[in-house]
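S.K.:
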Amino acid sequence: MFTSLPPAAIEFMEWDWPQIEPYIHDLQSRALNDASLEEWLADWSRLSNLVHEAQQRLYVASTLDTANPETRRRYESFLEHILPAFQAGDQRLKLKLLASGLQPKNFAIPFRNLQSEVELYREENLQLLTEELMLATQYDALTGAQTVTWEGEEVTLPQLQTVYQSQDRAQRERAWRLAAERQLADRERINRLWGRFMEVRRRLADNARLLDYRAYRWRQLLRFDYTPGDCERFHQAIYEAVLPAARQVCEQRRRRLGVASLRPWDLDVDPLGSPPLRPFHDITELVERTSAIFHRLHPQLGNYFDIMRLEGLLDLDNRQGKAPGGYCTEFRVARRPFIFMNAVGVHEDVQTLLHEGGHACHVFETVHLPYHQQLHIPLEFMEVASLGMEFLASPHLEAARGGFYSRQEAARAHLEHLEHSLIFWPYMAVVDAFQHWVYQNHTQASDPQRCDAQWASLWERYMPIEDWSGLDEELRTGWQRKLHIHQVPFYYVEYGLALVGALQIWRKALHDPQGTLAAYRNALALGGTASLPQLYSAAGARLAFDTAALRQVVDWMMQEIAELQVVAGMS
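Number 1725 marks the last residue of the sequence shown (this note's numbering); no jumps.
(1) On the CB-based measure, 16 or more other CB atoms within 10 Å of its CB, does Ala1672 come out buried or exposed?
(2) Could you tell me whether the Cβ atoms of Gly1655 and Leu1541 are closer together than 9 Å?
(3) Suppose you measure from the CA of Met1288 to the CA of Ser1600; what does that come to, to the nearest Å?
(4) With H, G and I counted as helix, E and B as strand and the rest as coil, what does DSSP make of Ala1497?
(5) Which of the three DSSP states is assigned to Val1521 in this structure?
(6) Bridge partners of Val1592, per DSSP?
(7) Using a Cβ-Cβ cut-off of 6 Å (strictly less than) and excluding sequence neighbours within five positions of Gln1245, which residues of its own chain qualify?
(8) What does a CB cutoff of less than 6 Å around Val1302 pick up in its chain, not counting 5 residues either side in sequence?
(9) May I ask you to report which of helix, strand or coil DSSP gives Phe1485?
(10) If we call anything under 9 Å between Cβ atoms a contact, is Phe1388 one with Asp1586?
(11) Rounded to the nearest angstrom, how far is the Cβ of Leu1468 from that of Ile1493, given a contact under 8 Å?
(12) Output the distance between the C-alpha atoms of Leu1572 and Leu1201, rounded to the nearest integer angstrom.
(13) Have a look at His1638, Ala1684, Trp1194 and Asp1621 and flag the residue whose alpha-carbon is nearest the alpha-carbon of Arg1408.
(14) Quick check: the stretch 1202-1214 against the stretch 1484-1491, are there 3 or more CB pairs under 8 Å?
(15) Does DSSP put Val1642 in a helix, a strand or coil?
(16) In whole angstroms, what is the alpha-carbon distance linking Pro1430 and Leu1546?
(17) Would you say the stretch 1668-1688 touches the stretch 1321-1331, given that touching needs at least three Cβ pairs under 8 Å?
(18) What are the complete alpha helix (DSSP H) segments, minimum 4 residues, inside the stretch 1184-1250?
(19) Do Leu1376 and His1530 count as a contact pair if the criterion is CB distance below 9 Å?
(20) For Asp1322, does the three-state DSSP call read helix, strand or coil?
(21) Just the Cα atoms here: how many angstroms apart are Ala1359 and Trp1419?
(22) Ignoring anything shorter than 3 residues or poking outside the stretch 1282-1325, list the beta strand (DSSP E) runs there in chain order.
(23) Taking the alpha-carbon positions, what's the Thr1381 to Arg1696 distance?
(24) Using a Cβ-Cβ cutoff of less than 6 Å, which residues in the same chain neighbour Pro1478 once the five nearest sequence positions on both sides are dropped?
(25) Answer with buried or exposed for Gly1383, where buried requires no fewer than 16 other C-beta atoms within 10 angstroms of its C-beta.
(26) Going residue by residue through the stretch 1320-1358, where are the continuous beta strand (DSSP E) segments of at least 3 residues, counting only ones entirely within it?
(27) Alpha carbons only, please: which of Asp1503, His1501, Leu1533 and Val1504 is nearest the one belonging to His1516?
(28) Can you name the start and end residues of the beta strand (DSSP E) that Asp1469 belongs to?
(29) Give, in chain order, every unbroken run of the alpha helix (DSSP H) that is at least 4 residues long and sits entirely within the stretch 1551-1630.
(30) For Pro1735, does the three-state DSSP call read helix, strand or coil?
(31) Would you mind working out which of Leu1426, Ser1254 and Phe1261 sits nearest Gly1723, comparing C-alpha positions?
(32) Is the number of C-beta pairs between the stretch 1234-1243 and the stretch 1270-1285 that are closer than 8 Å three or more?
(33) Using the rule of at least 16 other Cβ atoms within 10 Å of the residue's Cβ for burial, across every protein chain shown, is Val1500 buried or exposed?
(34) Given that a residue counts as buried once 16 or more other Cβ atoms are within 10 Å of its Cβ, and exposed if not, what is Lys1476?
(35) Mapping the DSSP letters down to three states, classify Asn1279 as helix, strand or coil.
(36) Helix, strand or coil: which one does DSSP assign to Thr1670?
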């Protein structure tokens, strides 16, 4: 029967549930034993991969043009009519496999995941999960429509990033305030959306008979290797080990700029008055130079990137109506990644493409794994793949090595990357601690004003490095602008943990680049067949939450920053 399945997801996207359902019934009705196990799992994976890729292609289309009602209608129709029915059928197949007691090679971790998913499943939650995804598309539509008029031209908010690098402080402030005013105009709409998100998530946890949504989400994200308490320990480690260094870096910036205090519009300008880094003139140049970097890093990585370029799997430019942010998703039938981002011509675009390129390499490195359950990789390690790539590629930023810059400019770019990484950790602590508070205090957090107050309190603790005086409403509503909080709750600490791992890997790469890259790629190739600590270890890193581990990484970063300041002409 499975020979009649479409070979590609493009055709499958046109199918309705009555066409798909017989394949579920066929898998349910088959005898499952040692002799039939591999074929049964392979057919289940074919069907699951078609559903997964169809959903991802429809999602991608909805983010490429948030103003297009037809792409949104098709995506929401899939979420409403296909996904819940498939999830119900998928649950029955999981139960069948678990009941058989059979387990193929390299399936211990996927088997553990299946057991947890089966226990968490509630039929009454299927419609709620669909509703949650639809709310996320509404958030994209709101933020994707945010534009302002700048110097007579309608521009998106990301396009103002180039202005934030201007040496004219008054111009930077004017652009920043203009963007903030536009974001605040959507405050009540986002507040209403938040109330709907919170109600859906309360019901998800209640239906699963769990204490709160945090407990539900922990199970949903398959977090077996650390606890909420570990996250709180990580927040404290950031406060103790990172915040002093972040203060030092920001104080250096303040002195070099010659200002009384660092305002939010002072963080991206070069502190010594150098013109902004302009790594590329257009998307073609960005792609060509990034390809050269990947080829210098390893020919196979370069080949991976070139496949994406040739097959139209890159959508990189910023434009009106496009959803904010960047991501890399996976088309599982084609066994190809797809990269989405909003490039506007700044160095951050280079870092973003290298970051998403790391995710893309992860997809390519796992094509040998036969079953879709083996492709469920912990997010905490997926971000090691992406952040690790940012650092592994950093020696190749110089034009002489295929990249974008002179030696001095490359040092400056790398310096900015390290400084931004330091400041990211305290910001990550705000985002993660905020979400822990939200879902432990569901009733209070359903009131956006209480959320405003809690965000401001956490900001005061972890981010006392910027002067927000006179900007109370802009500061208090910072949680509204972080899409992860709305669309993928609790998906943020992964970046902080992975940053520790990525820096551990990069430190090794400075002494053994070939061996470190080989270990990194071997770890990526494990996919979801190893535990989170095992994946970190295979890549040459350690999953760490403690102050001592973080302080060791930060001390080394500060040494690197001091050396780079000399090369960049800042000492």
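We put the CB at the ideal spot given by N, CA and C, even for glycine.
M.R.: So, to answer that:
(1) exposed
(2) yes
(3) 19 Å
(4) strand
(5) coil
(6) DSSP lists no partner for Val1592.
(7) Tyr1275
(8) Leu1332 and Arg1336
(9) strand
(10) yes
(11) 5 Å
(12) 43 Å
(13) Asp1621
(14) yes
(15) coil
(16) 24 Å
(17) no
(18) 1191-1218 and 1223-1235
(19) yes
(20) coil
(21) 40 Å
(22) 1301-1304 and 1307-1310
(23) 16 Å
(24) Thr1297
(25) exposed
(26) none
(27) Leu1533
(28) Leu1468 to Asp1471
(29) 1561-1594, 1596-1599, 1602-1616 and 1626-1630
(30) Residue 1735 is absent from the structure shown; the chain starts at 1155 and stops at 1725.
(31) Leu1426
(32) yes
(33) buried
(34) buried
(35) helix
(36) helix
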